[in-house]
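Using the working numbering, the first residue of the sequence shown is number 1, and each one after it goes up by one.
Note that beta-carbon positions come from the ideal geometry of N, C-alpha and C, so glycine has one too.
Everything on this sheet refers to the single structure shown next.
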Amino acid sequence: IIPSSNLLRSVSVQALVNQLQAEVLCCSERLDLMVESLTIGAMNVNSALEYFRNGTNMAVVTGGDRADIQMAALETSTHCLILTGHMQPQPMILSRAEQLEIPVLSVDLDTLTTVEIIDHAFGQVRLHETAKVHCIQQLMVEHFDIERLMKQLGLEPALPTP
């Protein structure tokens, strides 16, 4: 049995940029980061911080005017911060994101539309990212028994040609 992998269900920040037609505000060299979950920052900052701490490798969607939520997201396992309403974040947000190498995206969309587009992106399995190819290779080496499969199918292993 090959175990499931969150990485294989993930989406790259670059794919989110493309799907959302987002403007990359910082860390464009880190668009290869893989996002495994989506979190919406629409609550008070204390609730948000507790919620963010439970996630890993997240994309956090929040309003461009919510510096408190943005900073809380940057201090957790966030791989991408997506600001809605096409608003510029405060300089301290971009500075901290640069320090942590977390891409910040800006979209000219409302939060609901942004979340719907991202949710659709998670529904499309893409296996062309290098990290996913390596993950599949590793899973196959560790968990797939080709000889057993061939035996169950009644097939003989191919002999090498001289």
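Could you name the residues that DSSP lists as bridge partners for residue i?
i, result
"I82", "V61 and L105"
Taking its Cβ as the centre, do 16 or more other Cβ atoms sit within 10 Å of residue i, making it buried, or is it exposed?
i, result
"Q152", "exposed"
"R148", "exposed"
"I69", "buried"
"R53", "exposed"
"L155", "exposed"
"E36", "buried"
"I93", "buried"
"I146", "exposed"
"P89", "buried"
"P91", "exposed"
"M140", "exposed"
Could you give the residue range of the beta strand (DSSP E) that holds residue i?
i, result
"S37", "S37 to G41"
Would you mind reading off the limits of the alpha helix (DSSP H) that contains residue i?
i, result
"L25", "Segment E23 to C26 is the beta strand (DSSP E) holding L25; no alpha helix (DSSP H) there."
"F52", "V45 to R53"
"F144", "Neither: F144 is in no alpha helix (DSSP H) and is coded neither H nor E."
Report the three-state DSSP secondary structure of residue i (helix, strand or coil).
i, result
"S12", "strand"
"M34", "strand"
"P91", "helix"
"L153", "coil"
"D68", "helix"
"D110", "coil"
"T56", "coil"
"T76", "coil"
Assuming residue i and residue j form a contact by the criterion Cβ under 8 Å, report the distance between their Cβ atoms to the nearest whole angstrom.
i, j, result
"I82", "A15", "The pair is not a contact, with the Cβ atoms about 13 Å apart (cut-off 8 Å)."
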